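Everything on this sheet refers to the single structure shown next.
There are 2 protein chains.
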Amino acid sequence: MAETDTRTPRERYRAQVRAEVKEHAWEQIATAGASALSLNAIAKRMGLSGPALYRYFANRDELITELIRDAYRSLADVVRATAAAGSGADPAAFAHALRDWALADPHRYLLIYGTPVPGYHAPDDVTAIASEIMATLLDACAALPDDRPAPPAAPAAPVTRFEEHIERHRGWAADHPAPPAALRRALAFWTRLHGVLSLELAGHFTGMRFDPALLFEAEVADLTR
Amino acid sequence: MAETDTRTPRERYRAQVRAEVKEHAWEQIATAGASALSLNAIAKRMGLSGPALYRYFANRDELITELIRDAYRSLADVVRATAAAGSGADPAAFAHALRDWALADPHRYLLIYGTPVPGYHAPDDVTAIASEIMATLLDACAALPDDRPAPPAAPAAPVTRFEEHIERHRGWAADHPAPPAALRRALAFWTRLHGVLSLELAGHFTGMRFDPALLFEAEVADLTR
DNA sequence: TCGTGTTCGTTAGAAGTTCTAACTCACACG
DNA sequence: CGTGTGAGTTAGAACTTCTAACGAACACGA
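If you read the protein sequences in the order shown, they are chains A and B.
Residue numbers for the first sequence follow this note's numbering, so the first one is 18 and each next one is one higher.
Residue numbers for the second sequence follow this note's numbering, so the first one is 18 and each next one is one higher.
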């Protein structure tokens, strides 16, 4: 089972402290949001004093980047597991996995999909994980039957126009071999789910009496119709 | 034209300084985001020194609240003007007005619809303006022909389930007299437009090569279909 | 087993932030 | 023409991130 750890004791200790710092950071983010994250407070709560943490993280941004990376990885794991467990690739399952994941820790969702930190630019490996998530959604959408010219009459002109456009610019998602309708559907999936989720998590539905879960459900149904 | 200003000179001066502070605040937000807003920096740029601004704003939160209020008011004015100018109430016109407004100053859009400040709670008058915006959208959606049981076959079950749900909980939007299908459509409008807009403004489409404007257009077309 | 050098954690401190307290000073009003 | 209100000042407390310099502990090679 446990392979011999080739890391030196110092490296193991270092990794453990880094993990502990991140744990406290998540705790702090969950209660006060990402903008209120304080390295000093984390250090104090760990029994260390201020600048000690700078041995483990170059600066606040690096810690946040690490948290974002972990968040993306967590979400990627969840959707991958969902795709693997369920009956192959199912967009609805993807949607529910996403919603459950988001509601489990709203701040974590908002950290990666919410308002970005002003000067922040995601490193390449993070965007790679993000597009892996997108690829999973794309797989699911490609598996859906393409009932393109079936619906009402003809699809609205802007919709087909966008599909032609996206056909010419399919540089994203590693040139996933899916028909343009699936590409468009995946994008719509992403933006619509995010629309409901982000407004719900940001509290913009409080005051309105309806249940966001039902709205989410209705959107998923409309998307997989 | 100009009515005699009944305010005292002190009040007028006070209002002018407050306006100037907000102007500098918007400038700062536009370049560095809301989280980087610094009262100190604003004071310095105005030739004042630090605590002077506390005569005008009790604290940073009050300034931000004021900015949010102004942002909401600006958006409400725009959509109201659009509804008045256009051929009555048109959801597509609403959508384009919203997008234009958002792209004109992304940070302003994200300030009101993005990740909320942790401890912040919007005062009543702000939520009132927000629901005025929603009412405008609702008017536009109610004006749309309700082709409910016409589409494909029957609407997906969760969709009608949500409409029944929303019929029972129509406490929001000041009990707007619209059929549940219009309520649902307005909600979908809001969440879908926000989904595309917020991801675009947050930069989540960079790297993918497609034009967000066309995606937005396709969503609007799908919504008004 | 015993240096030796890396790495950790410390304190000190600089530069920034919000915000309070106390003090002037000028202006508008009675 | 006094008087009081309100504006702006400086001082300073309590924070923040982050750098610099120091001591001490620890793992590793000879």
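We put the CB at the ideal spot given by N, CA and C, even for glycine.
Here the structure is a predicted model, which means the values were calculated and not measured.
- Residue range P197 to L218 is occupied by the alpha helix (DSSP H) that includes B:G212.
- In the structure shown, the three-state DSSP call for A:M63 is coil.
- The beta-carbon of A:L232 is placed less than 7 Å from the nearest beta-carbon of chain B.
- In the three-state reduction of the DSSP assignment, B:T223 falls in the strand class, which pools E and B.
- Contact annotation for A:P197 against chain B: no contact, minimum CB-CB distance about 11 Å [criterion: below 9 Å].
- Membership of B:D228 in any alpha helix (DSSP H) is not indicated, and neither H nor E is assigned to it by DSSP.
- With a minimum length of 4 residues, the unbroken runs of alpha helix (DSSP H) contained wholly in the region 56 to 103 of chain A fall at 56 to 62 and 77 to 102.
- A check of alpha carbon separations from A:R62 across A:Y71, A:R72, A:Q45 and A:F74 identifies A:Q45 as the nearest.
- Neighbourhood of B:I183 in chain A, by CB distance below 7 Å: F227, in chain order.
- Positions of the alpha helix (DSSP H) runs, each at least 4 residues long and wholly inside the region 110 to 194 of chain B, are given as 123 to 130, 141 to 160 and 174 to 185 in order along the chain.
- Within the same chain, V176, F179, E180 and I183 come within 8 Å of A:R201 by CB-CB distance, once the 5 residues on both sides are set aside.
- Excluding the 5 residues flanking it on each side, B:R35 has same chain C-beta neighbours closer than 7 Å at Y73, in chain order.
- Within the region 118 to 136 of chain B, L127, Y130, G131, T132, P133, V134, P135 and G136 place their CB atoms closer than 8 Å to a CB of chain A, listed in sequence order.
- Interface flag for A:W43 against chain B is unset, since no Cβ pair is found closer than 7 Å.
- When C-beta atoms of the region 230 to 239 of chain A are compared with those of the region 89 to 104 of chain A, fewer than three pairs fall below 8 Å, so the two segments do not count as touching.
- Within 10 angstroms of the beta-carbon of B:A75 lie fewer than 16 other beta-carbons, which makes it exposed.
- A:A42: member of the alpha helix (DSSP H) spanning P26 to A49, first to last residue.
- Taking the beta carbon of B:D239 as reference, the chain A residues within 7 Å of it are A173 and V176, listed in sequence order.
- Around B:L56, no beta-carbon contact reaches into chain A at under 7 Å, the shortest distance being about 16 Å.
- Taking C-beta separations shorter than 6 Å and ignoring five residues to either side along the sequence, A:G64 has no partners in its chain.
- By the Cβ criterion, the region 207 to 216 of chain A is in contact with the region 208 to 226 of chain B, since at least three pairs of Cβ atoms, one from each stretch, lie closer than 8 Å.
- In summary, B:A114 is buried, with 16 or more beta-carbon neighbours lying within 10 Å of its beta-carbon over all protein chains present.
- One finds nothing in chain A with a Cβ atom closer than 7 Å to the Cβ of B:T25; even the nearest lies about 38 Å away.
- Taking 8 Å as the cut-off between beta carbons, the residues of the region 204 to 215 of chain B near chain A are L204, A205, W207, T208, R209, L210, H211, G212, V213 and S215, in sequence order.
- Nearest to A:A51 by alpha-carbon distance, out of A:E28, A:S66 and A:D78, is A:D78.
- Take the alpha-carbon of B:A160 and the one of B:G103: they are about 13 Å apart.
- Excluding its 5 nearest sequence neighbours in each direction, B:A32 has C-beta neighbours in its own chain below 8 Å: R24, listed in chain order.
- Within the same chain, and ignoring the five residues on either side of B:F222 in sequence, the residues whose Cβ sits closer than 7 Å to its Cβ are L216 and P229.
- Looking at the backbone, the Cα of B:I150 and that of A:T82 are separated by about 36 Å.
- At a Cβ-Cβ threshold of 7 Å, B:V38 and B:Y89 do not count as neighbours.
- With fewer than 16 other Cβ atoms inside 10 Å of its own Cβ, B:H138 counts as exposed.
- Interface residue (Cβ-Cβ distance to chain A less than 7 Å): B:S52 is classified as such.
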